[in-house]
Amino acid sequence: MGLPKDSFELQVALPGWIKTFLSLRNHSPGVCIYPPERNNNYQSMKLFNLGLAGLCLALSFSATAQDSDEVWTTGQVEVKPFTRLIVKGALDVDIVVGDTHEVIVETLNMPNDAVFVKQRGNTLVAGIDWRNLIKYAKDASHVDTEVKIIVPSLEYLQIKHAGESTLQGTLVSESLTLIIGGASDLIVDRLEVEKLKVKVRGAGTLRVAGTATEQKTRVRGAS
36 MGLPKDSFEL
46 QVALPGWIKT
56 FLSLRNHSPG
66 VCIYPPERNN
76 NYQSMKLFNL
86 GLAGLCLALS
96 FSATAQDSDE
106 VWTTGQVEVK
116 PFTRLIVKGA
126 LDVDIVVGDT
136 HEVIVETLNM
146 PNDAVFVKQR
156 GNTLVAGIDW
166 RNLIKYAKDA
176 SHVDTEVKII
186 VPSLEYLQIK
196 HAGESTLQGT
206 LVSESLTLII
216 GGASDLIVDR
226 LEVEKLKVKV
236 RGAGTLRVAG
246 TATEQKTRVR
256 GAS
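With my numbering applied, the sequence shown covers 36 to 258.
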């Protein structure tokens, strides 16, 4: 009885995650690997104290609309099929497992070009255009950005930013590499992969649940 041997839930928590500008939250660092449903049939979670410390400053543009002058602008970016995704900058991204390849950009009180989306062959890169963001922010009391990326499957996902991201749905792939850098927060609903490689480089939080035949995890430093 219980979970298959290849079922897992992985949490990587490093210090220095900052949700709002100049707001610091200190936690004891560590890496926890344990089954999603813990009971007496399983060992208690294994904690590897990393003894890391770091400080990261992150700009947050998220807030609730306060007045009728705030306007959201939505745009869709045409992209070709891709299996590699890189996210840069202080950007909140929702990655959704679906049947198509789509990118939807939403911006508050500024045009969509505050967010850039580029494609290099099989790799899609999304991030903040800081020059445009700063320019538009001068004329608005509040700005915000949200990006939704729909993709059938991924082989490579790298997030190096200060923001909150999610991977929604069940992602099925023969091989998947997850790389987290900076003060990022990523929650993955579920993976079903043959080979899973996880790398955390920086200060942030990664939470993954699912099944993998082979799994490798590496945590290095706090940026």
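Ideal Cβ placement from N, Cα and C applies to all residues, glycine included.
Simplified DSSP assignment, three categories, for A149:
A149 falls in the helix class under three-state DSSP.
Among T158, G156, D179 and R155, nearest to D164 - alpha-carbon criterion
Ranking T158, G156, D179 and R155 by Cα distance to D164 puts D179 first.
Drop a sphere of 10 angstroms on the beta-carbon of N144, count the other beta-carbons inside from all chains shown, and report buried for 16 or more, exposed for fewer.
By the 16-neighbour rule on beta-carbons within 10 angstroms, N144 is buried.
Taking the beta strand (DSSP E) that A161 belongs to, which residues open and close that run?
From DSSP, the beta strand (DSSP E) with A161 extends over T158 to I163.
Straight-line gap, K251 to V207 (C-alpha atoms, nearest Å):
Spanning the two alpha carbons is a distance of roughly 17 Å.
Reference P187, options Y171, V254, G133 and V114, closest by Cα:
That would be G133, whose Cα lies nearest to the Cα of P187.
When the Cα of F151 is compared with those of Q111, V131, H136 and L189, which residue comes out closest?
Selected option, being the one with the closest Cα: Q111.
Given 8 Å, three or more beta-carbon pairs between the region 154–164 and the region 109–127:
Proximity of the region 154–164 to the region 109–127 meets the contact definition, three or more beta-carbon pairs being nearer than 8 Å.
Apart from the five residues on each side of it in sequence, which residues of its chain come closer than 6 Å, Cβ to Cβ, to T201?
Correct list, in chain order: D129 and I222.
Going by DSSP in three states, A244 sits in which element: helix, strand or coil?
Residue state, collapsed to three classes: strand.
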